[in-house]
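Single-structure report; data block below.
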Amino acid sequence: MARITITAVRLATARLAVMGLAVATLSACAKDNQFDETGGVRITRSACPALAVPAYTGDITLFDPPASREARAIDVVANLTDLRANCNDAGEQIVSQATFAVQARRTNTAAARDVTLPFFATVVRGGSVIVSKQVGRVALHFDAGQARATATATATTGITRAAATLPPEIETQLTRKRKPTDADASIDPMADPATRAAVAKASFEMLIGFQLSNEQLAYNVTR
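Add 459 to the 1-based position in the sequence shown for my numbering, that's all there is to it.
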């Protein structure tokens, strides 16, 4: 149903100096539940997966020594930023490529250094079901005397159009014409649990963040 490929590109020393929960599954289905002139809901839904960084996974901190959590032991801090998606939904396979930058700074700048950081790309269906996950690595290079470095990486996901398409009866329910005199004229179609479930099932997110250890995640949550 879904596949992910990951590539990372190493850059020279940086010159450039997200946190967010998964995008709401239903947010792309109808804008503010507005009705068009025919009485149907305006459908602005895209088959492309929404792109987001899960909470607490948008940055990573390395310590020296590793077991320490004191500020004076901070070795490298990196942030995931400039997340962008390029989606091609013209065929039966919907392909979305995410690109992002990793900006890092280090404390000890005496010598040149290479740092490799792990990240994940996960496809989630309906806001909770993990369809696929892969882990990639992004390499950063610090020149001697340089405190900052930047690298870019990409992750590509493929989702079948059938999986991301609403069933005809659900689309009809959402877009059917309503007259002011109809009993359900003022009722939001998304109030129906079956309709909400069908829309959620056809909605996907692509989530990208640093692959953190339990200790690193706890540090991000509690700092």
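Built from N, CA and C at the ideal position, the CB exists for glycine as well.
Which of helix, strand or coil DSSP assigns to residue i
i: Ile646; result: coil
i: Thr631; result: helix
i: Asn545; result: strand
i: Ile512; result: Looking at the sequence shown, residue 512 is not Ile but Val. Val512: coil per DSSP, three-state reduction.
i: Thr575; result: strand
i: Leu676; result: helix
i: Thr566; result: coil
i: Thr654; result: helix
i: Ser662; result: coil
i: Arg637; result: coil
i: Arg584; result: strand
For residue j and residue i, the rounded distance between their alpha carbons
i: Arg528; j: Ala509; result: 34 angstroms
i: Ala487; j: Thr681; result: Because the pLDDT at Ala487 is just 36, under 50, the model does not fix this residue reliably, and the value given afterwards should be weighed accordingly. Between Ala487 and Thr681, the C-alpha separation is close to 32 angstroms.
i: Ala537; j: Phe522; result: 12 angstroms
i: Asp651; j: Ala622; result: 21 angstroms
i: Leu676; j: Phe578; result: 13 angstroms
i: Ala532; j: Asn567; result: 11 angstroms
i: Ala506; j: Ala659; result: 12 angstroms
i: Val594; j: Arg635; result: 43 angstroms
i: Ser662; j: Ser587; result: 11 angstroms
i: Gln632; j: Met649; result: 9 angstroms
i: Val554; j: Asn547; result: 5 angstroms
Element boundaries [beta strand (DSSP E), containing residue i]
i: Gly607; result: The sequence as given places Arg at residue 607; Gly does not occur at that position. 607–619 is the span of the beta strand (DSSP E), which, as asked, contains Arg607.
i: Ala622; result: Counting along the chain, Ala622 falls outside any beta strand (DSSP E), and DSSP gives it neither H nor E.
i: Ala598; result: 588–601
Proximal residues to residue i (C-beta, below 6 angstroms), its chain only, five neighbours per side dropped
i: Thr558; result: Arg543, Thr613
Residues near residue i in its chain [Cβ-Cβ closer than 7 angstroms; skip 5 each side]
i: Ala451; result: Past the edges of the chain, shown from 460 to 682, lies residue 451, and the structure says nothing about it.
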